[in-house]
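Asker: What follows is a structure written as structure tokens; I'll ask about it next.
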Amino acid sequence: KPHRHDSEQLNYILDGELWFFIEEEGYRCRKGDIVRVPRNAVHWVWVTDPNGCGMLETHTAPLTGDPQLANGAVALRGPGEHFHEPVGVVNTFIDYDKLEEVERKVFARYGFDPSSF
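Start counting at 1 in the sequence shown, then tack on 1242, and there's your number in the numbering used here.
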């Protein structure tokens, strides 16, 4: 679901394939690709690989403030380093009125039929 957060995000695709949408652009991502999501940018993904997708995801500031992610999110910080108080930021899920328009435009540009999965 489209969301944003008050942190910079970097993703490294470990395995599989997905479509990454950021604001009004979309990218077909495969193993070895890196995706950057700017702070507060609306973004969402479609995993299209039938076997799923493995992805390393990092955030600065960390998403350790999000209760849905608290068990799996780890803040990589050294002694004396401080982030937002309370520590970490949260995902804010939104209704993005351009979602269908963006997906349609991007898929058409790549010649991708989303009904194929």
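Ideal placement from N, C-alpha and C gives every residue a C-beta, glycine not left out.
Only a predicted model underlies this, so the values are computations on that prediction, with no experimental measurement involved.
1. Between the segment 1285-1293 and the segment 1255-1262, can you find at least three pairs of beta-carbon atoms closer than 8 Å?
2. What does DSSP give as the partner residue(s) for I1264 in the beta ladder?
3. When burial is assigned at 16 or more other CB atoms within 10 Å of the CB, is V1316 buried or exposed?
4. By the 10 Å Cβ neighbour count, where 16 or more other Cβ atoms means buried, how is A1350 classified, buried or exposed?
5. For the alpha helix (DSSP H) holding E1343, just list the boundary residues, first then last.
6. Is R1272 near G1258, with beta carbons less than 9 Å apart?
7. Exposed or buried, P1304, counting other C-beta atoms within 10 Å across all chains shown (16 or more means buried)?
Answerer: Short version:
1. yes
2. Residue 1264 sits at position 22 when you count from the first residue of the sequence shown. I1264 is bridged to E1267, H1285.
3. The residue you call residue 1316 lines up with position 74 of the sequence shown. V1316 comes out exposed.
4. Here residue 1350 corresponds to residue number 108 of the sequence shown, with the count starting at 1. Its Cβ having fewer than 16 others within 10 Å, A1350 is exposed.
5. What you label residue 1343 is simply residue 101 of the sequence shown in a count that begins at 1. Segment 1341-1352, the alpha helix (DSSP H) holding E1343.
6. Along the sequence shown, one-based indexing puts residue 1272 at 30. Along the sequence shown, one-based indexing puts residue 1258 at 16. In contact: R1272 and G1258 (Cβ atoms closer than 9 Å).
7. In the sequence shown, counting from the first residue as 1, residue 1304 sits at position 62. So P1304 counts as buried.
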